[in-house]
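Below is one structure, written out as structure tokens; the observations come after it.
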Amino acid sequence: MDDGSHRSYIEKSLVAEFNLSPSGTEVLSQGLFGGGISPSMEYGRFTVTVESLDRKYSTSMSLLDQPKVCSTLPRISDRNLIAELASRGIKLTDVGQDTPPIRVLLGADMLG
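Residue numbers (my numbering): 3 to 114.
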């Protein structure tokens, strides 16, 4: 989740993997870090339903396609730091050596 992003996105390769059909298109420009603005482009809009692992909750969301959602983010691998955070009731989920790509980004439009 990224409340700094106004919109939610899905990587185009994931759209292809799931063989998703667009529910429409949108033309927009994007405000970039540092104040830049990208040229207007057309994005495919895809409506997907996601659910919790225990299947007790599901919701539909609208995602715009993007060739690459964002670059890889490093994970925390410092065991002492992880233990310290855990002792304070903070559990991190993105730990270890693997850094899988971020293929869906939930933005402020989903965070309410």
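We put the beta carbon where it would ideally sit given N, CA and C, even for glycine.
Using the Cβ count rule (16 or more neighbours within 10 Å means buried), how would you classify residue i?
i          : result
residue 67 : buried
residue 57 : exposed
residue 53 : exposed
residue 55 : exposed
residue 83 : exposed
residue 48 : buried
Would you give the residue range spanned by the beta strand (DSSP E) that residue i belongs to?
i          : result
residue 52 : 43-53
residue 67 : 60-68
residue 84 : Not the beta strand (DSSP E): residue 84 falls in the alpha helix (DSSP H), residues 81-89.
residue 29 : 26-30
Is residue i near residue j, with beta carbons less than 8 Å apart?
i           : j          : result
residue 105 : residue 71 : yes
residue 10  : residue 29 : no
residue 69  : residue 46 : no
residue 101 : residue 74 : yes
residue 44  : residue 27 : yes
Would you check if the region 45-63 and the region 73-80 touch, i.e. whether three or more CB-CB distances between them fall below 8 Å? no
So, does the region 86-99 touch the region 33-46, judging by three or more C-beta pairs under 8 Å? no
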